[in-house]
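Inspection log for the structure reproduced underneath, given as structure tokens.
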Amino acid sequence: PSGQKTLLSFFGLK
Amino acid sequence: MLEARLEQSSVLKKVVDAIKDLVQDCNFDCNDSGIQLQAMDNSHVALVAMHLKTEGFALYRCDRNIALGINLVSLQKVLRAAQNEDVMTLKAEDSPDALSLVFENSENDRISEYDLKLMDIDQEHLGIPETEYGATVKMPSAEFQRICRDLSLLSESVAIEATKEGIKFSCTGDIGKGAVTLRQNPNVEKPELGTTIELQEPVALTFSLKYLVNFCKASGLSNTVTISLSNEVPLLIEYEMEHGYVRFYLAPKIGD
Numbered sequence: 028p029s030g031q032k033t034l035l036s037f038f039g040l041k
Numbered sequence: 009m010l011e012a013r014l015e016q017s018s019v020l021k022k023v024v025d026a027i028k029d030l031v032q033d034c035n036f037d038c039n040d041s042g043i044q045l046q047a048m049d050n051s052h053v054a055l056v057a058m059h060l061k062t063e064g065f066a067l068y069r070c071d072r073n074i075a076l077g078i079n080l081v082s083l084q085k086v087l088r089a090a091q092n093e094d095v096m097t098l099k100a101e102d103s104p105d106a107l108s109l110v111f112e113n114s115e116n117d118r119i120s121e122y123d124l125k126l127m128d129i130d131q132e133h134l135g136i137p138e139t140e141y142g143a144t145v146k147m148p149s150a151e152f153q154r155i156c157r158d159l160s161l162l163s164e165s166v167a168i169e170a171t172k173e174g175i176k177f178s179c180t181g182d183i184g185k186g187a188v189t190l191r192q193n194p195n196v197e198k199p200e201l202g203t204t205i206e207l208q209e210p211v212a213l214t215f216s217l218k219y220l221v222n223f224c225k226a227s228g229l230s231n232t233v234t235i236s237l238s239n240e241v242p243l244l245i246e247y248e249m250e251h252g253y254v255r256f257y258l259a260p261k262i263g264d
């Protein structure tokens, strides 16, 4: 869907 | 090895019910702080984090860290065999290929023993930073569930605005639009029925209602829900239990 961000753009992978 | 006893099977049954539509396979990480889980949905838009603390168990023993790779649909099938009031004991070896579950009724005259096959799950873990949120709203979980369900009938997305006037949930869809505004209204007699809003700064964000409706399946875990929001970061929804929590994070929709 347009404009839906993913969590990966906010939280780093451990 | 792991040995963990819950006085009431309903605790784990409710947790699994709350998250099984969001994630399918996940590791239950067992260590000396209890049983924890962190998993993202397939689209990496939502994340669930769960912690059942040792204090919540009638007996808890875990000598070394053990990851139980569990298919939640399979676990739910086994948990169906437990009555809500049954005492539940979980047991696993240090490198287990199965989880043993024992359910005992309160009369102590029925013992049910099940084994659930485990899987190797290579799961990504996200580092979630400590966040000072711009707005934190605590409200009855049933009311939040009703708002999400009602608005989801009109639209795919909800705009959430927190101001000093209150918190406003609004949406626009093909058949019309809708909005619900909640004002701060602490209930001294029954705090779980009140709404409190802590505002550091005004917040306005848009989220997919499909995920919020899904998170509300955890409403049975707690009478209250805490919603934490900051501009342009994922929202946090927390259902606090007596000795643990289920938290959901949801990435916002931006610029559409």
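In order, the protein sequences belong to chains S and D. Be aware that the first sequence starts at 28, since it is given in my numbering, and climbs by one per residue. Be aware that the second sequence starts at 9, since it is given in my numbering, and climbs by one per residue. Virtual Cβ for every residue (Gly too), placed ideally from N, Cα, C.
Bounding residues of the alpha helix (DSSP H) (the contiguous stretch that carries residue i)
i: residue 151/D; result: 149 to 160
i: residue 84/D; result: 80 to 87
i: residue 30/D; result: No alpha helix (DSSP H) holds residue 30/D; DSSP gives it neither H nor E.
Residue i and residue j closer than 8 Å at C-beta
i: residue 219/D; j: residue 54/D; result: yes
i: residue 229/D; j: residue 257/D; result: no
i: residue 32/S; j: residue 261/D; result: yes
i: residue 33/D; j: residue 77/D; result: yes
i: residue 202/D; j: residue 194/D; result: yes
i: residue 188/D; j: residue 155/D; result: yes
i: residue 190/D; j: residue 143/D; result: no
i: residue 134/D; j: residue 39/S; result: yes
i: residue 20/D; j: residue 87/D; result: yes
i: residue 162/D; j: residue 184/D; result: yes
i: residue 104/D; j: residue 83/D; result: no
i: residue 241/D; j: residue 97/D; result: no
i: residue 131/D; j: residue 17/D; result: no
Continuous beta strand (DSSP E) stretch holding residue i: start and end
i: residue 33/D; result: 33 to 39
i: residue 123/D; result: 119 to 125
i: residue 108/D; result: 106 to 112
i: residue 246/D; result: 243 to 249
i: residue 13/D; result: 10 to 14
DSSP state of residue i mapped onto helix, strand, coil
i: residue 171/D; result: strand
i: residue 95/D; result: strand
i: residue 236/D; result: strand
i: residue 193/D; result: strand
i: residue 218/D; result: helix
i: residue 227/D; result: helix
i: residue 53/D; result: coil
i: residue 198/D; result: coil
i: residue 63/D; result: helix
i: residue 21/D; result: helix
i: residue 163/D; result: coil
i: residue 36/S; result: helix
i: residue 261/D; result: strand
i: residue 90/D; result: coil
i: residue 181/D; result: strand
Pairwise C-alpha distance: residue j and residue i
i: residue 56/D; j: residue 200/D; result: 23 Å
i: residue 255/D; j: residue 25/D; result: 14 Å
i: residue 35/D; j: residue 159/D; result: 33 Å
i: residue 119/D; j: residue 99/D; result: 15 Å
i: residue 251/D; j: residue 80/D; result: 22 Å
i: residue 9/D; j: residue 70/D; result: 6 Å
i: residue 6/D; j: residue 222/D; result: The shown model of chain D, from 9 to 264, leaves out residue 6/D, and the question about it has no answer.
i: residue 121/D; j: residue 151/D; result: 38 Å
i: residue 112/D; j: residue 66/D; result: 14 Å
i: residue 209/D; j: residue 22/D; result: 35 Å
i: residue 35/S; j: residue 115/D; result: 49 Å
i: residue 249/D; j: residue 226/D; result: 11 Å
i: residue 170/D; j: residue 245/D; result: 15 Å
i: residue 42/D; j: residue 15/D; result: 15 Å
i: residue 176/D; j: residue 39/D; result: 41 Å
i: residue 123/D; j: residue 73/D; result: 20 Å
i: residue 75/D; j: residue 213/D; result: 36 Å
i: residue 164/D; j: residue 192/D; result: 27 Å
i: residue 137/D; j: residue 13/D; result: 32 Å
Strand pairing of residue i, partner residues [DSSP]
i: residue 58/D; result: 45/D and 254/D
i: residue 206/D; result: 144/D
i: residue 75/D; result: 37/D
i: residue 176/D; result: 169/D and 189/D
i: residue 135/D; result: 39/S
Contact test: residue i Cβ vs the ligand GTP heavy atom, cutoff 7 Å
i: residue 185/D; result: This structure lacks the ligand GTP, and indeed carries no ligand of any kind.
Cβ of residue i within 8 Å of any chain B Cβ
i: residue 52/D; result: Of the protein chains in this structure, namely S and D, none is chain B.
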